[in-house]
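Asker:
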Amino acid sequence: MRFSITTWNINSVRLRIDQVTRFLSEQSPDVLCLQETKCPVDKFPEKAIRAAGYEHIAFAGMKGYNGVAIISRFPVADIAITGFCEKEDARHISLRLGPQAGEAAGLAIHNFYVPAGGDVADPAVNPKFAHKLQFLEEMRGWADRATVARAPSITVGDLNIAPLEHDVWSHKKLLDVVSHTPLETSTLERLREEAGLIDSMRDLRPEPEKIYSWWSYRSPDWNTADKGRRLDHIWLSPDLAPVCRSVEVLREARGWERPSDHAPVTAVLEL
Numbered sequence: 010m011r012f013s014i015t016t017w018n019i020n021s022v023r024l025r026i027d028q029v030t031r032f033l034s035e036q037s038p039d040v041l042c043l044q045e046t047k048c049p050v051d052k053f054p055e056k057a058i059r060a061a062g063y064e065h066i067a068f069a070g071m072k073g074y075n076g077v078a079i080i081s082r083f084p085v086a087d088i089a090i091t092g093f094c095e096k097e098d099a100r101h102i103s104l105r106l107g108p109q110a111g112e113a114a115g116l117a118i119h120n121f122y123v124p125a126g127g128d129v130a131d132p133a134v135n136p137k138f139a140h141k142l143q144f145l146e147e148m149r150g151w152a153d154r155a156t157v158a159r160a161p162s163i164t165v166g167d168l169n170i171a172p173l174e175h176d177v178w179s180h181k182k183l184l185d186v187v188s189h190t191p192l193e194t195s196t197l198e199r200l201r202e203e204a205g206l207i208d209s210m211r212d213l214r215p216e217p218e219k220i221y222s223w224w225s226y227r228s229p230d231w232n233t234a235d236k237g238r239r240l241d242h243i244w245l246s247p248d249l250a251p252v253c254r255s256v257e258v259l260r261e262a263r264g265w266e267r268p269s270d271h272a273p274v275t276a277v278l279e280l
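Taking the numbering used here, the leading residue of the sequence shown gets 10, the next gets one more, and so forth.
#1: Could you check if Lys182 is buried or exposed, using at least 16 other CB atoms within 10 Å of its CB as the buried criterion?
#2: So, is Asp39 buried or exposed, given that buried needs 16 or more other C-beta atoms within 10 angstroms?
#3: For Leu43, tell me which candidate among Leu280, Leu278, Glu279, Val274 has the shortest Cα-Cα distance.
#4: Determine the burial state of Ala86: buried for a count of at least 16 other Cβ atoms within 10 Å of its Cβ, exposed for fewer.
#5: If you draw a straight line from the alpha carbon of Gly237 to that of Ser37, how long is it in whole angstroms?
#6: Pick out whichever of Val252, Pro268, Trp231 has its Cα sitting closest to the Cα of Glu112.
#7: Starting from Phe144, trace the alpha helix (DSSP H) both ways and give me its first and last residue.
#8: Where does the unbroken alpha helix (DSSP H) through Thr190 begin, and where does it stop?
#9: Can you round the beta-carbon distance between Glu193 and Ile220 to whole angstroms, since I take them to be within the 8 Å contact cut?
#10: Residues in the same chain with beta-carbon distance under 6 Å from Ser81, minus the five sequence neighbours each way, listed in chain order, please.
#11: Please classify Pro124: is it buried, with 16 or more other beta-carbons within 10 angstroms of its beta-carbon, or exposed?
#12: If we call anything under 8 Å between Cβ atoms a contact, is Ile26 one with Ala69?
#13: Hey, out of Thr30, Thr91, Gln109, whose CA is closest to Phe144's CA?
#14: Between the C-alpha atoms of Phe53 and Ser195, what's the straight-line distance to the nearest angstrom?
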C-alpha cells in the first residue's frame, strides 16, 4: 500500500483555503497535517475540505494564533489534544487511522506546532524563547509517555528548528539566530534521539544536501536568494523508516499567490 502524509504550516487556513484544496486536488495525500491554522474551532473551513474529498478532519484552534489540524482520507479514532507549558494554545493534536486504512490501520499520527521563540536567543530576557525551550523539554516527557517508537507512528510538524548545518542557507551566519542556535538544535536532536524516532528527510537525503521548507516573507526575491531553513519535519518510528520511499518539499507552493512562508513536505511510504 502506498501511503503519503504531508505537513504544512499554512499560516491561516481560512485565508489560504484555496491553496489547501488545490494541494489536496493536485497532490492527493492520504493525510495532510496543518499548523498555524489561526482559526477557532467553529470557523474551521470543513465544508471546503470535505468537498475536496476528505471527510475526516480533526482540529484544535484558537482565534488568530497557533492551531493544528489533521485531514484524512480514512476514518480516524482516538483523537487527542495535549496541552504544554500549562497553556491550552492548540499546538498538538494526535489520532489513529481506523481499520478502513488498510495497511495503515492503527497508525498513530502526531502533529506539532512548536513555538517560534521570538527574536532574542536568551531565555533570561525573552519569555518567548523561554517558552520554546520549556515546550521542547515537555515534548521529551510526552515522547516517553506516548511510546512513539514502540508502535507504528509518525510525528510531524513545524518544529521551528533547523537542526543540522545544511538545514539553513548559512550555518555560520545563523548560529545566533533563533531556530538554529546550538541550544535549540542540540535540544531537538536529543529529543528525537531519546524518543527513538528517525528524521525521514535526512535518512533518505543526508547532508551535505541543502534542504529548506521555509523562506522569509522579508525576502521579495526568496526564490533567487534561496535563504531558506528546514523547519518542517516528518519523524518516523523505527519500523516505518525502512519503508519510507521519498520525502520531498513542494517548493513551487511557496510561489503560489498569497503563499504561506512554508512549503508542504510530503513523505511516501510503502506499507
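The C-beta atom is built at its ideal place from N, Cα and C for all residues, glycine as well.
Answerer: If we stick to the structure as given:
#1: exposed
#2: buried
#3: Val274
#4: exposed
#5: 26 Å
#6: Val252
#7: 136–155
#8: No alpha helix (DSSP H) holds Thr190; DSSP gives it neither H nor E.
#9: That belief does not hold up - the Cβ atoms of Glu193 and Ile220 are roughly 18 Å apart, past 8 Å.
#10: Val40, His65
#11: buried
#12: no
#13: Thr91
#14: 36 Å
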